[in-house]
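Notes to accompany the following structure.
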Amino acid sequence: MSADCTGVGNEVIMQVRRFWFHTIGIGIVFAVLLAVAVALVTATGALAFGQRDGDPPESGKARVFSGVLTCARCGARHPGKSQLSAGDCAKMCLKQGSTWALVDGGKVYRLKGDSPVLDRVAGERVTVSGTLEGNTIVIQSVEPQNR
Ligand SMILES: [Zn+2]
5 MSADCTGVGN EVIMQVRRFW FHTIGIGIVF AVLLAVAVAL VTATGALAFG
55 QRDGDPPESG KARVFSGVLT CARCGARHPG KSQLSAGDCA KMCLKQGSTW
105 ALVDGGKVYR LKGDSPVLDR VAGERVTVSG TLEGNTIVIQ SVEPQNR
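The opening position of the sequence shown corresponds to residue 5 in the numbering used here, with each subsequent residue numbered one higher.
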């Protein structure tokens with residue numbers, strides 16, 4: 005009797021152990037899956053965060069702006085008394101410490117960054133690709149518009 009009881013008891017204990025091994029096994033699989041999921045979410049979040057905090061030229065969405073390239077000092081209105089063309093005035097203002105600006109109708113954007121084209125297309129209608137930061141376009145490229 006005692007032998008039988010012990011045998012049954014052992015079997016029950018073995019089943020319980022097997023049950024727990026199984027449960028722990030499933031637990032480990034879930035833990036690993038959870039860890040992978042968390043890692044993925046963290047990586048995705050870090051990527052999105054990195055894009056937001058990246059360098060200005062890479063942050064935000066690049067947009068295309070068109071308007072007249074001029075200087076921030078004069079905007080659309082260059083002094084009428086000056087004999088300079090809008091382009092020459094803008095270049096002169098730049099030398100005096102002003103910054104490039106893009107005038108699109110009533111809007112005036114300041115331009116940040118540099119392009120070898122700027123000097124050549126001063127006073128002309130241009131297409132500027134870049135990202136908008138407040139009222140400033142961070143230049144990616146500047147192209148003269150076809151006339
Ligand atoms: Zn000017």
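We put the CB at the ideal spot given by N, CA and C, even for glycine.
Own chain residues within Cβ distance below 7 Å of Ala126, not counting five before or after: On the sequence shown, position 122 is the one that residue 126 refers to. In its chain, beyond the 5 residues on either side, Leu73, Gly91, Ala94, Lys95 have a beta carbon closer than 7 Å to the beta carbon of Ala126.
Distance between Gly31 and Leu136 (C-alpha atoms, nearest Å): The residue you call residue 136 lines up with position 132 of the sequence shown. The residue you call residue 31 lines up with position 27 of the sequence shown. Rounded to the nearest whole angstrom, the C-alpha separation of Leu136 and Gly31 is 49 Å.
Where Lys111 falls: helix, strand or coil (DSSP): Counting from one through the sequence shown, the residue named residue 111 turns up at place 107. Of the three classes helix, strand and coil, the one that applies to Lys111 here is strand, per DSSP.
Arg124 beta carbon near ligand 1 (any heavy atom closer than 7 Å): By one-based count along the sequence shown, residue 124 stands at place 120. Because no heavy atom of ligand 1 lies under 7 Å away, the Cβ of Arg124 does not count as near it: no.
Counterpart residues of Arg67 in DSSP-defined beta bridges: For the purposes of this step, residue 67 is taken as the residue at position 63 of the sequence shown. Looking at the DSSP output, Arg67 shares a beta bridge with Gly134.
Cutoff 8 Å: Arg22 Cβ touching any chain C Cβ: No chain C appears in this structure, which consists of one protein chain only.
Closest Cα partner of Pro120 within the set Cys97, Trp104, Ile17: Along the sequence shown, one-based indexing puts residue 120 at 116. The residue among Cys97, Trp104, Ile17 with its C-alpha nearest the C-alpha of Pro120 is Trp104.
Under the three-state DSSP convention, the category Ala105 falls into: Position 101 of the sequence shown, counted from the start, is the residue given in the question as residue 105. If DSSP states are grouped into helix, strand and coil, Ala105 belongs with the strands.
Gly71 burial status per 10 Å Cβ neighbour count (16 or more: buried): Your numbering for residue 71 matches position 67 in the sequence shown. Per the 10 Å Cβ criterion, buried.
In DSSP terms, what Pro120 is bridged to: For the purposes of this step, residue 120 is taken as the residue at position 116 of the sequence shown. Paired residue(s): none; Pro120 is not in a bridge.
Arg77 CB to nearest heavy atom of ligand 1 below 7 Å: Position 73 of the sequence shown holds residue 77. Because some heavy atom of ligand 1 lies under 7 Å away, the Cβ of Arg77 counts as near it: yes.
Distance cut-off 7 Å: Ala153 Cβ against heavy atoms of ligand 1: An answer regarding residue 153 cannot be provided, because it is not within the stretch 5 to 151 covered by the chain.
For Cys97, the three-state DSSP class (helix, strand or coil): For the purposes of this step, residue 97 is taken as the residue at position 93 of the sequence shown. Reduced to three states, the DSSP call for Cys97 is helix.
Phe25 to Leu44 span [Cα, whole Å]: Residue 25 sits at position 21 when you count from the first residue of the sequence shown. Residue 44 sits at position 40 when you count from the first residue of the sequence shown. Near 28 Å, if we compare the C-alpha coordinates of Leu44 and Phe25.
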